[in-house]
Amino acid sequence: MRETLRTRLGWLHGWLGYVAGLVLTCIFATGSVAVFNMELTRWMQPEVLRAMPAPPTATALDAAARMVALEKAQGVLAFVALPGCRSPTLDVLHYNGHEFVGARLDPTTGALIPARATAGGGLFYNLHHTLYLNAQMGTVIVSIAGIALLVAIVSGVVIHIHALVPDIVMLRLSVARLRAWLDAHLLAGVLFLPFMVMMAYTGVLVKADMTLPGPPFHSMPLRTSSPPRAPMQALTYPPLAPLLAQARASLPGQEPGFILFAPNGVHIFAGDASSAFLTRDHADFRMPDGRALPVNTAASPVARTMQLMRGLHYARFAPPGLRWLYFLSGLCATTVMASGLVLFVMKRRRHAGHRQAHRLADGLNIAVIVGLPVAMLALLWGNRLVPVRLNGRESWETGIFFTVWGLCALHALFHALRGQASWAWRAQLGLAGLLGGSLTILDLLCCPAAFQALPGLHMAVDGMALLAGVTAIYARGRLERP
Amino acid sequence: MTVVSLLVLWVIAFMCHAALWPARYGLPVLPSAAQSMMGVTRFILPVLALGLAVEGQGSVMGVLLWFAALSFGGLMAASLLVLRGTIMREIRGEN
Numbered sequence: 006m007r008e009t010l011r012t013r014l015g016w017l018h019g020w021l022g023y024v025a026g027l028v029l030t031c032i033f034a035t036g037s038v039a040v041f042n043m044e045l046t047r048w049m050q051p052e053v054l055r056a057m058p059a060p061p062t063a064t065a066l067d068a069a070a071r072m073v074a075l076e077k078a079q080g081v082l083a084f085v086a087l088p089g090c091r092s093p094t095l096d097v098l099h100y101n102g103h104e105f106v107g108a109r110l111d112p113t114t115g116a117l118i119p120a121r122a123t124a125g126g127g128l129f130y131n132l133h134h135t136l137y138l139n140a141q142m143g144t145v146i147v148s149i150a151g152i153a154l155l156v157a158i159v160s161g162v163v164i165h166i167h168a169l170v171p172d173i174v175m176l177r178l179s180v181a182r183l184r185a186w187l188d189a190h191l192l193a194g195v196l197f198l199p200f201m202v203m204m205a206y207t208g209v210l211v212k213a214d215m216t217l218p219g220p221p222f223h224s225m226p227l228r229t230s231s232p233p234r235a236p237m238q239a240l241t242y243p244p245l246a247p248l249l250a251q252a253r254a255s256l257p258g259q260e261p262g263f264i265l266f267a268p269n270g271v272h273i274f275a276g277d278a279s280s281a282f283l284t285r286d287h288a289d290f291r292m293p294d295g296r297a298l299p300v301n302t303a304a305s306p307v308a309r310t311m312q313l314m315r316g317l318h319y320a321r322f323a324p325p326g327l328r329w330l331y332f333l334s335g336l337c338a339t340t341v342m343a344s345g346l347v348l349f350v351m352k353r354r355r356h357a358g359h360r361q362a363h364r365l366a367d368g369l370n371i372a373v374i375v376g377l378p379v380a381m382l383a384l385l386w387g388n389r390l391v392p393v394r395l396n397g398r399e400s401w402e403t404g405i406f407f408t409v410w411g412l413c414a415l416h417a418l419f420h421a422l423r424g425q426a427s428w429a430w431r432a433q434l435g436l437a438g439l440l441g442g443s444l445t446i447l448d449l450l451c452c453p454a455a456f457q458a459l460p461g462l463h464m465a466v467d468g469m470a471l472l473a474g475v476t477a478i479y480a481r482g483r484l485e486r487p
Numbered sequence: 803m804t805v806v807s808l809l810v811l812w813v814i815a816f817m818c819h820a821a822l823w824p825a826r827y828g829l830p831v832l833p834s835a836a837q838s839m840m841g842v843t844r845f846i847l848p849v850l851a852l853g854l855a856v857e858g859q860g861s862v863m864g865v866l867l868w869f870a871a872l873s874f875g876g877l878m879a880a881s882l883l884v885l886r887g888t889i890m891r892e893i894r895g896e897n
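Structure (structure tokens):
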């Protein structure tokens with residue numbers, strides 16, 4: 006009876022894991038990179054040379070408010086993001102249907118920084134949350150994938166329950182290739198189980214209001230659909246500096262993060278980095294006199310729990326060290342899923358290797374496991390090579406990303422369906438090695454001033470690309486061994 | 803500093819765990835007294851790590867760091883065991 010259960014769960018784990026794994030590998034890979042979305046945007050805007058944030062001056066805040074009013078007159082709903090540790094500029098942003106884009110101002114002078122338009126780290130963030138689809142549909146697909154992950158985890162634990170504790174640090178690289186892959190899958194799967202459960206559970210929960218019918222748990226103030234294009238009446242706002250000082254006093258222990266402008270008031274929200282609880286507490290001021298309205302920061306236990314769930318998933322409170330742990334854990338979780346995809350195909354090769362469906366699965370694996378990293382690296386290359394003043398530059402970058410990924414997928418499927426998957430693996434791993442390994446040189450050649458001004462940031466991004474390249478070359482070398 | 807301490811504690815705990823399963827990990831069999839000590843250490847060190855993490859970093863950050871140290875400590879312990887196995891095989895090969 007127990008064996009029957011294990012067999013059935015094995016079937017469920019394999020098939021559900023494979024189908025959802027294709028999507029989940031993309032979600033986890035992009036989510037891991039999106040942990041550093043703002044840092045990536047800074048890397049992709051080398052014109053912004055400011056290293057440390059400065060408190061915004063009254064002049065800069067008023068310049069930002071003027072810009073918001075101007076955008077509003079053009080039908081764009083903009084808001085002001087205040088400088089913080091991760092982004093030292095004063096930003097006037099709006100949601101373009103996929104990500105937050107806009108102008109960057111110097112927080113001291115209020116002068117516009119002529120930074121290049123870029124898709125930035127927001128592209129990965131958007132891919133992670135909605136797969137770059139329509140917000141509603143994308144979120145539902147990602148949530149279903151998250152639920153599938155939870156089912157795959159539970160079934161995986163039941164299958165492996167006997168050896169779960171004894172084999173917790175078991176890794177045999179010198180045995181048969183299939184066994185070594187299985188050991189790697191189990192090792193990372195068991196050790197990163199808490200992280201994967203946390204991310205899947207909190208991820209499904211924080212988007213439950215978009216997935217399940219019924220009244221929303223909480224409406225995110227910044228998430229709107231594409232901005233309405235109809236011109237609106239231009240408004241003038243009261244001086245923001247005194248309001249900011251009042252908001253700081255009204256939100257004890259929380260640093261203001263962004264300012265929203267409504268027709269009847271100004272709302273100053275606590276920054277997401279304030280604590281592990283993503284509260285979105287806000288101080289409100291009436292228009293046009295700027296009179297403070299009562300602040301309510303009380304939250305019910307359910308709301309408080311949801312704040313913690315959001316905080317844990319988005320990790321915006323995390324200091325750099327914890328942020329790196331999130332990133333590395335995300336990469337290890339991606340490895341669990343990628344190794345699961347490889348195992349699924351390897352296990353069935355002897356009996357079904359000649360079938361087109363098996364070859365298709367092999368091709369899809371290559372497109373996801375190697376094609377996606379190649380496209381990510383191509384995006385970084387595109388950022389440095391696309392002319393700075395090109396119109397619609399961010400769309401070009403996004404286009405490069407998806408075109409390269411699409412070409413990789415076609416290449417992989419073409420070779421896999423002809424029974425030459427190993428050729429596609431080697432070619433794409435070689436390309437990943439080339440793009441990753443030489444990004445540092447390109448960065449140094451294109452943006453020496455930015456490298457000098459922000460050496461830590463550039464070394465981290467270039468170093469990660471180099472590491473990805475070296476890993477790809479190593480994997481390519483291993484593939485060539487018998 | 804806390805992260806490093808947590809990692810060290812978890813790696814030791816995992817190595818004690820491996821020592822309690824000598825056949826699986828290809829390790830020498832320990833006398834029963836040493837095995838008991840390993841069992842106690844394997845239990846005590848993670849508890850100590852949890853206390854250290856929560857005390858030093860607060861409850862939310864502490865628990866997150868504790869789990870992260872579990873994951874990466876486990877990877878490090880597995881890598882050390884692989885390294886040991888490789889060295890032992892090479893020594894046997896030389897003999």
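So the protein lines, in turn, are chains B and R.
Under my numbering, the first residue of the first sequence carries the number 6, and numbering increases by one thereafter.
Under my numbering, the first residue of the second sequence carries the number 803, and numbering increases by one thereafter.
Every residue gets a Cβ at the ideal spot worked out from N, C-alpha and C, and that includes glycine.
Quick check on the DSSP output: the beta strand (DSSP E) that includes residue i runs from which residue to which?
i	result
B:I273	G270 to A275
B:F105	F105 to L110
B:V159	No beta strand (DSSP E) contains B:V159, which is instead part of the alpha helix (DSSP H) from A140 to L169.
B:A267	P261 to A267
B:F290	H287 to R291
B:L83	The question names Leu, but residue 83 of chain B is Ala in the sequence shown. From DSSP, the beta strand (DSSP E) with B:A83 extends over A83 to A86.
B:D96	L95 to Y100
Verify whether the separation of the beta carbon atoms of residue i and residue j is less than 7 angstroms.
i	j	result
R:A820	R:Y827	yes
B:Q312	B:T284	yes
B:A157	B:G22	yes
R:L811	R:L847	yes
R:A851	R:L808	yes
B:L98	B:P61	no
B:A338	B:F33	yes
B:A120	B:V28	no
B:F105	B:T35	no
B:G295	B:P243	yes
B:G474	B:G441	yes
In terms of residues, what are the limits of the alpha helix (DSSP H) holding residue i?
i	result
B:A366	Q361 to I371
B:G387	L377 to L390
B:P460	P460 to E485
B:L75	A63 to A78
B:Q425	Here B:Q425 belongs to no alpha helix (DSSP H), and DSSP marks it neither H nor E.
B:D214	A213 to T216
Residue i: buried (16+ other C-beta within 10 angstroms of its C-beta) or exposed?
i	result
B:T9	exposed
B:D289	buried
B:S280	buried
B:Y100	buried
B:T340	buried
B:W16	exposed
B:G497	Not covered by the structure: residue 497 of chain B. The range shown for chain B is 6 to 487.
B:R228	No answer about B:R228 holds up, because its pLDDT of 45 lies below 50 and its placement is not dependable.
B:I374	buried
B:A78	exposed
B:L75	exposed
B:G468	exposed
B:S419	A quick correction: the sequence has Phe, not Ser, at residue 419 of chain B. With fewer than 16 Cβ atoms within 10 Å of its Cβ, B:F419 is classed as exposed.
B:S179	exposed
B:A108	buried
R:T843	buried
B:L117	exposed
B:T12	exposed
B:P299	exposed
B:V307	exposed
B:M225	The pLDDT assigned to B:M225 is 45, lower than 50, so where the model puts this residue is not dependable; a value taken from the coordinates is nonetheless given after this. Answer is exposed; the Cβ neighbour count stays below 16.
R:F816	buried
Write down the C-beta distance between residue i and residue j rounded to the nearest angstrom, noting that I regard them as a contact closer than 8 angstroms.
i	j	result
B:A303	B:H287	Their Cβ separation, rounded to whole angstroms, is 13 angstroms, which puts B:A303 and B:H287 out of contact at 8 angstroms.
B:L56	B:L459	In the sequence on display, residue 56 of chain B carries Ala and not Leu. Yes, they are in contact, since the Cβ atoms of B:A56 and B:L459 sit about 6 angstroms apart, within 8 angstroms.
B:V163	B:L14	5 angstroms
Is residue i a contact residue of the ligand ATP, with contact defined as CB to any heavy atom under 6 angstroms?
i	result
R:I846	Of the ligands one can find in the structure shown there are none, so the ligand ATP has no counterpart to examine.
Relative to chain B, which residues along the region 807–834 of chain R have a C-beta separation below 8 angstroms, given in chain order? F816, H819, A820, W823, R826 and Y827
Given a limit of 8 angstroms on CB to CB distance, which residues of the region 850–864 of chain R reach chain B? V862 and M863
Using Cβ-Cβ distances below 8 angstroms, what residues of the region 870–882 of chain R are close to chain B? A870, L872, S873, F874, G876, L877, A879, A880 and S881
Taking any Cβ of chain R, which residues in the region 330–349 of chain B have a Cβ under 9 angstroms from it, in chain order? L330, Y331, L333, S334 and C337
Listed from N- to C-terminal order along the chain, which residues in the region 275–289 of chain B have their beta-carbon within a distance smaller than 7 angstroms of any beta-carbon of chain R? A281
Tell me which residues of the region 301–332 of chain B have at least one Cβ-Cβ distance to chain R shorter than 7 angstroms, keeping chain order. G326, L327 and L330
In the region 191–212 of chain B, which residues sit with their C-beta less than 9 angstroms from some C-beta in chain R, listed in chain order? L192, A193, V195, L196, F197, L198, P199, F200 and M203
So if I threshold CB-CB distances at 8 angstroms, which residues from the region 178–192 of chain B count as touching chain R? L178, S179 and L192
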